[in-house]
Ligand code: 13P
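Residue numbers (the numbering used here): 597 to 851.
Below you can see the structure in the form of structure tokens.
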């Protein structure tokens, strides 16, 4: 049985006070919630502070990026071992903001995927089409290409225990979420695509939806059979809204 995972991607937001306030708000609001994994990915600067604030909390720690190198002369980078050392477990890779602003290729992202697996960390592999690709009917081709970068180099088994986040770029930060039916169709396509190589691996892989998920639209998205939680940007910065989203995921999979 797959469990949903709701993860907050804080992006480039926060300071020490905000980290402290938001985590204490989440620890309070999420007490007793069962049946849904929860993780937060603060800026790397605040991982240590977040880890301390999450002691005795069921909320897991994540990060927003990783370098492909393990150590050495790579100024400004952070390695998988460093993330592991500070207790981060779920590591976002291939986010569209990194694909766009840092020109990360499918091949580089696949390398990051391999490095995380090697370190025993969980890749949260973001994929998704742009608005132009969507309008050109290329959604499935783009998602397949982004998945194939890992599938064709590391095999289907590499997707055991990992998380995929389908984030249509046109839905990120726009307030214009994909409809539940639109998202479900793509999630099913992604699962079927992996199932062509290994049905068991496909059945267990968590496929999150991301893109303007909020406390109002979460429940109907999570009612879809192939949507296993969400990767949440803006709404993850508010403890109350994020808690509503987590509870919606927990409730959907129990009902
Ligand atoms: P929003 O929830 O702000 O649209 O961001 C989604 C996202 O990019 C999560 O990684």
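We put the CB at the ideal spot given by N, CA and C, even for glycine.
All values reported here derive from a predicted model rather than from experimental measurement.
| field | Chain-order list of residues whose beta-carbon lies under 7 Å from that of residue 619 (same chain, five-residue window excluded) | value | Start at 1 with the first residue of the chain shown, and residue 619 comes out as number 23. Answer for residue 619: 646, 649, 650, listed in chain order.
| query | Apart from the five residues on each side of it in sequence, which residues of its chain come closer than 8 Å, Cβ to Cβ, to residue 763? | reply | By 1-based counting over the chain shown, the position of residue 763 is 167. Closer than 8 Å at Cβ, skipping near neighbours: 691, 692, 722, 723, 724, 805, 806, 807, 827.
| Applying the criterion that 16 or more other CB atoms from any shown protein chain within 10 Å of the CB defines a buried residue, is residue 712 buried or exposed? | Within the chain shown, numbered from 1, the residue matching residue 712 stands at position 116. Looking at its Cβ environment, which holds 16 or more other Cβ atoms inside 10 Å, residue 712 is buried.
| Within this structure, are the beta carbons of residue 631 and residue 780 separated by less than 9 Å? | Position 35 of the chain shown, counted from the first residue, corresponds to residue 631. Position 184 of the chain shown, counted from the first residue, corresponds to residue 780. No, Cβ-Cβ distance for residue 631 and residue 780 is not below 9 Å.
| request: Compute the distance between the beta-carbons of residue 754 and residue 746, then report whether it is under 9 Å. | output: Stepping through the chain shown from its first residue, residue 754 is reached at position 158. Stepping through the chain shown from its first residue, residue 746 is reached at position 150. Result yes, Cβ atoms of residue 754 and residue 746 sit closer than 9 Å.
| Exposed or buried, what is residue 700 when buried is set at 16 or more other beta-carbons lying within 10 Å of its beta-carbon? | Here residue 700 is taken as the residue at index 104 of the chain shown, counted from 1. Under this definition residue 700 is a buried residue.
| said: Which complete beta strand (DSSP E) runs does the segment 674 to 730 hold, if anything under 3 residues is left out? | reply: Counting whole runs of 3 or more residues, the segment 674 to 730 contains the beta strand (DSSP E) stretches 686 to 689, 718 to 723.
| field | Rounded straight-line distance, which links the Cα of residue 612 to that of residue 673 | value | For the purposes of this step, residue 673 is taken as residue 77 along the chain shown, with counting starting at 1. For the purposes of this step, residue 612 is taken as residue 16 along the chain shown, with counting starting at 1. Their backbone Cα atoms lie some 21 Å apart in a straight line.
| message | Ignoring anything shorter than 3 residues, give me the beta strand (DSSP E) runs that lie fully in the segment 745 to 782, in order along the chain. | response | 759 to 762
| task | Determine, using beta carbons only, whether residue 679 and residue 656 come nearer to each other than 9 Å. | result | Within the chain shown, residue 679 is the residue found at index 83, counting from 1. Within the chain shown, residue 656 is the residue found at index 60, counting from 1. It is not a contact, given that the beta carbons lie outside the stated cut-off.
| Roughly how many whole angstroms lie between the Cα atoms of residue 731 and residue 615? | What you label residue 731 is simply residue 135 of the chain shown in a count that begins at 1. What you label residue 615 is simply residue 19 of the chain shown in a count that begins at 1. Distance between the alpha carbons of residue 731 and residue 615 is about 39 Å.
| request: Can you grab the Cα-Cα spacing for the pair residue 775 / residue 667, in whole Å? | output: Mapped onto the chain shown, residue 775 falls at position 179. Mapped onto the chain shown, residue 667 falls at position 71. Their Cα atoms are separated by approximately 43 Å.
| query | I think residue 786 touches residue 743, with their Cβ atoms under 8 Å apart; what is that distance to the nearest whole Å? | reply | The residue given as residue 786 occupies position 190 in the chain shown. The residue given as residue 743 occupies position 147 in the chain shown. 7 Å between Cβ atoms; contact.
| field | Same chain, Cβ closer than 7 Å to residue 841, neighbours up to 5 away in sequence not counted | value | Here residue 841 is taken as the residue at index 245 of the chain shown, counted from 1. Taken in chain order, the residues that qualify are 602, 809, 811, 814, 826, 828, 831.
| field | N-terminal and C-terminal residue of the beta strand (DSSP E) that residue 658 is part of | value | For this step, residue 658 is matched to residue 62 along the chain shown. Residues 656 to 659.
| query | Going by alpha carbons, who is nearest to residue 610 out of 777, 760, 637? | reply | For this step, residue 610 is matched to residue 14 along the chain shown. Comparing Cα-Cα distances from residue 610 to each of 777, 760, 637, the minimum goes to 637.
| Taking Cβ to Cβ, would you say residue 653 is nearer than 9 Å to residue 622? | Within the chain shown, residue 653 is the residue found at index 57, counting from 1. Within the chain shown, residue 622 is the residue found at index 26, counting from 1. Yes, the Cβ-Cβ distance between residue 653 and residue 622 is below 9 Å.
| query | First and last residue of the beta strand (DSSP E) that includes residue 854? | reply | Since the first and last residues shown for the chain are 597 and 851, residue 854 lies out of range.
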